[in-house]
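As structure tokens, the structure follows; a few thoughts come after it.
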Amino acid sequence: MIKIDNITKSFGTNLVLPDVTAEIKQGEIVCLIGPSGSGKSTVLRCINGLEAYDSGSITVDGIKVDSKASSSIRDIRRRVSMVFQRFNLFPHRTVLENVVEGPIFVKHIAPDRARVYGRELLDRVGLADKHNAYPAQLSGGQQQRVAIARALAMEPEAILFDEPTSALDPELVGEVLDVIKSLAQDGMTMVIVTHEMTFAKAVSDRTLFLEKGRILEQGPSREILSNPSNERMQDFLRRVEHH
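In terms of the working numbering, the sequence shown has 322 at position 223, counting the first letter as 1, and numbering is strictly consecutive.
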């Protein structure tokens with residue numbers, strides 16, 4: 100469903116992605132792990148057209164991701180939603196208004212219909228009583244669940260998660276991971292940048308380990324997270340476990 104073919108990406112003179120190739124099948128859950136600055140989030144942003152890659156190609160359902168072609172990017176973002184580390188909710192809009200904004204203004208769904216569906220999604224993520232609240236009135240975990248409901252409102256074929264729990268207090272992490280687990284059980288295609296190794300092992304089909312913008316190891320999550328063959332990945336997992 101998502102094909103990344105030899106992409107490179109630089110920020111000025113800093114080569115962030117020297118050469119990345121990967122494929123994500125429909126219904127597959129793939130975790131990207133690695134140290135800070137290894138290029139994980141940049142890969143996600145290139146898939147969604149938030150960053151323009153320098154060379155190579157990315158396709159989603161056969162459509163090339165081209166950040167210079169606005170019609171192509173609109174099409175990609177209808178198919179692939181993204182959940183950010185910092186929620187990125189509109190502070191001046193209610194929870195329900197945040198969720199229905201995309202369906203109404205991008206997909207041109209009738210407002211009444213969008214609001215009914217939005218309430219269903221908020222109920223699904225455990226926020227049935229927060230429809231009329233504003234983001235500032237919610238905990239971080241609740242805001243991130245609103246962000247997931249907003250992503251689902253576009254009825255995407257895949258969702259990209261960029262460290263969805265890293266901005267949360269530890270006691271709030273579980274409520275967000277539980278929602279992502281429920282999406283996994285429903286067969287949603289997902290690419291997840293995460294530092295939650297136990298979660299990655301339990302939920303994802305495959306894990307890719309990045310270091311300095313290169314994939315050093317990849318394979319079935321339970322296999323490579325339990326017994327990695329790459330020495331750098333072994334060291335990384337030891338450090339994460341110790342922390």
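Glycine residues also receive a C-beta, built at the ideal position from the N, C-alpha and C atoms.
Through-space distance from S328 to Y152, alpha-carbon basis:
Straight-line Cα distance between these residues: approximately 30 Å.
Span of the beta strand (DSSP E), counted from its first residue to its last, around Q317:
For Q317, the enclosing beta strand (DSSP E) has its first and last residue at 313-319.
Which residues share a DSSP beta bridge with C130?
Partner(s): I291, T306.
Grouping DSSP H, G and I as helix and E and B as strand, with all else coil, what is V199?
Three-state DSSP puts V199 in a helix.
Under 8 Å, with one C-beta from each stretch per pair, do the region 158-173 and the region 230-241 reach the 3-pair mark?
Because the criterion of three Cβ pairs below 8 Å is not met, the region 158-173 and the region 230-241 do not touch.
Between which two residues does the alpha helix (DSSP H) carrying P269 extend?
Note, P269: alpha helix (DSSP H), 269-284.
Just grab the DSSP bridge partners of K108 for me.
K108 pairs with L116.
Would you mind working out which of S135, S140, P134, E122 sits nearest L259, comparing C-alpha positions?
The shortest Cα separation from L259 among S135, S140, P134, E122 belongs to S140.
Residues in its own chain within less than 8 Å of N105 by CB, not counting five upstream and five downstream?
Contacts found: D118, V119, T120, S154, G155, S156.
Return yes when the Cβ of K102 is within less than 8 Å of the Cβ of T94, no when it is not.
Given a span of 100 to 342 for the chain in the structure shown, any question on residue 94 remains unanswerable.
In this structure, does DSSP put K102 in helix, strand or coil?
In this structure, DSSP gives K102 an extended state, which the three-state scheme calls strand.
Please say whether G138 and V115 have beta carbons closer to each other than 8 Å?
Taking 8 Å as the cut-off, the beta carbon of V115 is found closer than this to the beta carbon of G138.
Work out the CA separation of Q333 and L195 for me, nearest whole Å.
Roughly 44 Å between the two C-alpha positions.
Does the distance from the C-beta atom of I323 to that of C130 stay below 8 Å?
Contact: no.
CB D304 to CB I132, shorter than 8 Å?
No, the Cβ-Cβ distance between D304 and I132 is not below 8 Å.
Taking the continuous alpha helix (DSSP H) assigned at I208, which residues delimit it?
In the DSSP annotation of this structure, I208 is not part of any alpha helix (DSSP H), being labelled neither H nor E.
Option nearest L251 by Cα separation, candidates Y216, R337, H207:
Nearest C-alpha to L251 among Y216, R337, H207: Y216.
My output table needs one value for L226: the three-state DSSP class, helix, strand or coil.
Coil at L226, not helix or strand.
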